[in-house]
Each structure stands twice: as C-alpha cells, then as structure tokens.
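*Asks:* Below you will find the structure I want to go over with you.
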Amino acid sequence: MMGELIKVGMADYKVGKSPASLISYGLGSCVGVALYDPVIKVGGLAHIMLPDSKQARSAENPAKFADTALPLMLEEMLKLGVAKTRVVAKIAGGAQMFTFTNTTDIMRVGERNSEAVRAVLRKLDIPIVAEDTGGNYGRTVELKLDTGVFRVRTIDKGEKEL
Amino acid sequence: MSEEILKLSALQLDALREIGNVGAGNAATALSQIINRKIDMTVPQVAILPLGEVPEVVGGPDAMVAGVYLRVFGPAPGSILFLLPRDSAFSLVDMVMGRSPGTTTALTSMDESALMEIGNILAGAYLNALSYFTRLTLLPSIPALAMDMAGAILSVILIQLGQMGDHALVIETEFATEADEVKGHFFLIPDPGSLATILAAIGVKE
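Following this line, the structure appears as structure tokens:
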C-alpha cells in the first residue's frame, strides 16, 4: 500500500501516521529529526535550521529552532496517542556545505545544529538510535511511517536506510 | 519590528531592482567575454520570500546545481551566489577549458578552480557596478564551490538570515546563452541590516 507523501519544508515540522511518509528535501546545514513510535506507527519529521531560539534576534517561528521545534512536535505526537517511553529518534544532516580557510562560527552551524539536536533529545529523554550527520554534502530524508525506516538520499554518496 | 524587509515601499523595491540590473548586467558582460558568446538576461526579480520558498526559485530544493558562493564585505554586507544547473556547469567548463561540448561529466580539481575563478570574476563585476552606483566599497570574499542539491547550498545563506527573521530579500537575475547550453542565476542577498545602508546610499529613504 502506498501512503501519502507529506512534505516538510525548511524550518517546519509535520506529524503523521502509517502508511504515510514524511519527506524533507535538500538538507544542507539543517538537521532532519525523525521521531517515531514503532507500536502505533506514528511519527514526526522536523527540518531544524538553527540551534537555539534564545540566541536569535527573531524567534517568531518556533519550528525553526532545535530547542522549540522538538518539544512542540513531540506534543503533537502525544495527542495522536504516542507513548513517550516508546519514542525513538533518528537524525541526519548538519553538513558544512562550503569550506573556507577561516572557518567561522557561521560556517560551523551544521555541527552546532547537530549538537543542539542531541542535547534537546537528551533533555526530552528520547534515545537517538541512528544518525548520519556531518560531511560536506546535502541530504534528502524520508521517514516511512509503516516501518520506521529513515531513508537518507544524497547525490554522490549513495543512499542509506537508518 | 524584526523584519524591516516586509515594510519596503514600491519605490524602494524598484531601486533594489535597478541595483540588481546594473550588477547582473556587468556580470553578464564579463561572462559573455569569458566564453565569447552572447548572454541574455532577464529583468531582475526582487522578491521577499519565506525562507523555505527560496529554493523554489531554482527548481526546488532537490534540483542538482553547482553553486559558487561569496560573502560581500564592506558597509553593506551580504551574500552573492552564482547557481547553475549541473549540466550548465559542465558546459561552461567545456567552454573555458577548450573541450568539445559534452566532454565534461565530472569535475576535476582544475575544473573546480575554473568555476570558482569564473564566480570570482562575475561577483567582482557585479560588486564593481554596485559600488559605483552606491558609492559604497563592497568587496567579495574568496569564492567557495559546491555541487549539490539547491536546498542544501542555499541553506548556508538562509540559515544566516534565519537568525534575523523568517523572510529573505532576494535580488535574482536569470541569464542564458543564446543556444541555452549555459544558463543560471545570480543572487544578491543583502544581510538584513544592509538594506537601510544601500537605500540611503542611493537616496531612496522611503
């Protein structure tokens, strides 16, 4: 059975249930965070752009930041009947797309995004069961809600199932 | 108010379009001289877009593109991005390296240097026109190149803007050779704080 394909844009998150899939295209320094309850096959996918809402000049869109997006997405999943103790996380992205000789903090944002996502998940007490972060290439990620498989596609570095 | 770009007047947007016009016109002339072909250019689009919609301008976040990225330094900092579909980048490399059309299917490090140097020349031409027009000294950083998904490449710029707001002001020009073998986009994306400086420099306050 082919489920609906739900697109998740940059600085956004979506939740859904099997047999749908959640997909986010062209992650660079952003991090894709998939949360999944394997028992009732409900999950969410967030396209995280920045680590911390408290460090930003404008925090009007909570879906943009690791510290605000993930608790909100989890809350929506709980409303669909998810048990928090069963939720697992898979994450991908956080690349550094361009290399400059003087790597400033702005250039390292991919790494900082990944670190922030790990810290927020630790605080929420959600285990990360698979991860494909770093590198200097883009990724498209898809969470298949019927199986919980997190598929990571790249242009030159092949395709992985986490 | 965090997002001053949402409050720009029609006159200010026109002025920014003119800036894109002189900059991209100069860059297109430079490209035309490098590859010895006529280049057609569209009237620049000045768009204020939600960050997530910017990749749609170049065919969606998973379109395969080559991007040469430069930071702009000076009183009005920003980003310049020169984006080409992957096949156009290969055609461009064929032209500048003197290969017959269709030869290049992957980039050697020499080819990458050639693309970065072209990006450098085009950005220099763009900024020269801009500096002349605004009387602001604007200088490009060294170029960086990536061949990847458009969304992934644009994320580098969009993340910087994301710290300030949820929208990007994008000054975008599309260009193509007559036979369409090389086409692409020039983007000038001023940092949010730079807009007031640029508009004041050309005397369009509101």
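As you go down the protein sequences, you meet chains A and B in turn.
For the first sequence, my numbering assigns the number 1 to the initial residue and increments by one for each residue that follows.
For the second sequence, my numbering assigns the number 163 to the initial residue and increments by one for each residue that follows.
Cβ atoms here follow ideal geometry from the backbone N, Cα and C, with glycine treated the same way.
(1) Give me the Cβ distance between B:Val318 and A:Gly28, rounded to the nearest whole Å; I'm assuming they're in contact under 8 Å.
(2) DSSP has B:Asp176 in a bridge; who is on the other side?
(3) Distance check for A:Met49 and A:Arg139, CA to CA, integer angstroms please.
(4) I want to verify the contact list: residues of chain A whose CB lies under 7 Å from the CB of B:Val318, in sequence order.
(5) Buried or exposed: which applies to B:Ser275, given that a residue is buried once 16 or more other Cβ atoms fall within 10 Å of its Cβ?
(6) Could you name the residues of chain A that B:Gln325 contacts, counting a contact when the two beta carbons are closer than 8 Å?
(7) If you measure beta-carbon to beta-carbon, which residues of the region 124–141 of chain A are closer than 8 Å to chain E?
(8) Contact between the region 242–254 of chain B and the region 198–213 of chain B: three or more CB pairs below 8 Å?
(9) Quick check: A:Met14 and A:Leu45, are their CB atoms within less than 8 Å of each other?
(10) Thinking just about the alpha-carbon of each residue, which of A:Ala130, A:Val120 and A:Tyr25 is nearest to the one in B:Gly221?
(11) Three or more C-beta pairs closer than 8 Å, one from the region 179–191 of chain B and one from the region 72–84 of chain A: is that the case here?
(12) Return yes when the Cβ of B:Leu300 is within less than 8 Å of the Cβ of B:Leu307, no when it is not.
(13) Quick test of your reading: B:Leu284 and B:Leu193, contact by CB under 8 Å. State the CB separation rounded to the nearest angstrom.
(14) Between B:Gly260 and B:Asp273, what straight-line distance do the alpha-carbon atoms span, to the nearest angstrom?
(15) Looking at the C-beta of A:Lys64, does it have a partner C-beta in chain B at a distance below 8 Å?
(16) So what's B:Tyr231 in DSSP terms, helix, strand or just coil?
(17) Shortest alpha-carbon distance to B:Met203 belongs to which of B:Leu298, B:Pro352, B:Phe348 and B:Val216?
(18) Take A:Ile6 and list the residues in its own chain whose beta-carbon comes closer than 6 Å to its own, dropping the five residues that flank it on each side.
(19) Pull up the DSSP beta-bridge partners for B:Met309, would you.
(20) What runs of the alpha helix (DSSP H), each 4 residues or longer, lie entirely inside the region 243–313 of chain B?
(21) What residues from the region 225–247 of chain B come within 7 Å of chain A, judged by C-beta to C-beta, listed N to C?
(22) Hey, could you find the ends of the alpha helix (DSSP H) A:Pro71 is sitting in?
(23) Would you kindly work out how many angstroms separate the C-alpha atoms of B:Leu331 and B:Leu361, rounded to a whole number?
(24) Taking only three categories from DSSP, how would you classify B:Glu166?
(25) If we count the other Cβ atoms within 10 Å of its Cβ and call it buried at 16 or more, is B:Asn198 buried or exposed?
(26) When you compare each of B:Val219, B:Ala228, B:Gly327 and B:Pro212 to B:Thr335 by their alpha carbons, which one comes out closest?
(27) For A:Glu60 and B:Leu323, I'd like the C-alpha separation in whole angstroms.
(28) So, with DSSP's three-state summary, where would you put A:Ser29?
(29) For A:Gly32 and B:Gly346, I'd like the C-alpha separation in whole angstroms.
(30) What residues of chain A sit near B:Met259, judged by a beta carbon separation below 7 Å?
(31) Give me the subset of the region 8–20 of chain A whose CB atoms are less than 7 Å from a CB atom of chain B, sorted by chain position.
(32) Against A:Ile155, what residues of chain B qualify as contacts under a CB-to-CB distance less than 8 Å, listed in chain order?
(33) A:Lys90 and A:Val129 look like a contact to me (Cβ under 8 Å); what is the Cβ gap, rounded to whole Å?
(34) For B:Ala190, which residues in the same chain have their Cβ closer than 6 Å to its Cβ, ignoring the five residues on either side in sequence?
(35) In or out: B:Leu277 buried (at least 16 other Cβ within 10 Å) or exposed?
(36) When DSSP labels each residue in this structure, what does A:Ser24 get in the three-state scheme?
*Replies:* Reading from the atomic positions:
(1) Confirmed, about 6 Å.
(2) Answer is none; B:Asp176 lacks a bridge partner.
(3) Roughly 14 Å separates the two Cα atoms.
(4) Neighbours of B:Val318 in chain A, taken as residues whose beta carbon is under 7 Å from its own, are Gly28, Ser29, Met97 and Phe98 in chain order.
(5) Exposed, because fewer than 16 other Cβ atoms sit within 10 Å of the Cβ of B:Ser275.
(6) Within 8 Å Cβ-Cβ: Leu50, Gln55, Ala56, Arg57 and Ser58.
(7) Given the protein chain composition of this structure (A and B), no chain E is represented.
(8) In the pairwise beta carbon analysis, the region 242–254 of chain B is classified as not touching the region 198–213 of chain B: fewer than three pairs are separated by under 8 Å.
(9) Residue identity differs from the one stated: residue 14 of chain A is Lys in this sequence, not Met. Taking 8 Å as the Cβ cut-off, A:Lys14 and A:Leu45 qualify as a contacting pair.
(10) Checked all of A:Ala130, A:Val120 and A:Tyr25; the closest Cα to B:Gly221 is A:Tyr25.
(11) Verdict: no, contact absent.
(12) No, these two residues do not count as a Cβ contact at 8 Å.
(13) Contact annotation, B:Leu284 with B:Leu193: C-beta distance approximately 6 Å; criterion of less than 8 Å satisfied.
(14) Rounded to the nearest angstrom, the gap between the Cα atoms of B:Gly260 and B:Asp273 is 12 Å.
(15) A:Lys64 has a beta carbon lying within less than 8 Å of a beta carbon in chain B.
(16) Correct three-state label for B:Tyr231: strand.
(17) If we check each option's Cα against that of B:Met203, B:Phe348 comes out closest.
(18) Same-chain partners within the cutoff: Lys14, Gly16, Ala20 and Leu22.
(19) B:Met309 is bridged to B:Ala228.
(20) The region 243–313 of chain B contains, as complete alpha helix (DSSP H) runs of 4+ residues, the segments 248–258 and 271–296 (chain order).
(21) Listed in sequence order: Met226 and Tyr231.
(22) Counting along the chain, the alpha helix (DSSP H) containing A:Pro71 begins and ends at Ala66 to Lys79.
(23) Distance between the alpha carbons of B:Leu331 and B:Leu361: 13 Å.
(24) Helix at B:Glu166.
(25) B:Asn198 sits exposed, since fewer than 16 C-beta atoms from the chains shown fall within 10 Å of its C-beta.
(26) Out of B:Val219, B:Ala228, B:Gly327 and B:Pro212, B:Val219 has the C-alpha closest to the C-alpha of B:Thr335.
(27) Those two C-alpha atoms are separated by around 13 Å.
(28) Coil at A:Ser29, not helix or strand.
(29) Across the structure, A:Gly32 and B:Gly346 are spaced so that their CA atoms are roughly 28 Å apart.
(30) Here the premise fails: no neighbours, minimum Cβ distance about 21 Å.
(31) Those would be Gly9, Met10, Ala11 and Asp12, in chain order.
(32) Residues of chain B with a Cβ closer than 8 Å to the Cβ of A:Ile155 are, in chain order, Met226, Met309, Asp310 and Met311.
(33) Sure, about 6 Å apart at Cβ, within 8 Å.
(34) Counting only residues of its own chain and dropping the five nearest sequence neighbours on each side, B:Ala190 has a CB closer than 6 Å to the CB of Ile201, Met203 and Phe337.
(35) B:Leu277 comes out buried.
(36) For A:Ser24, the three-state secondary structure derived from DSSP is strand.
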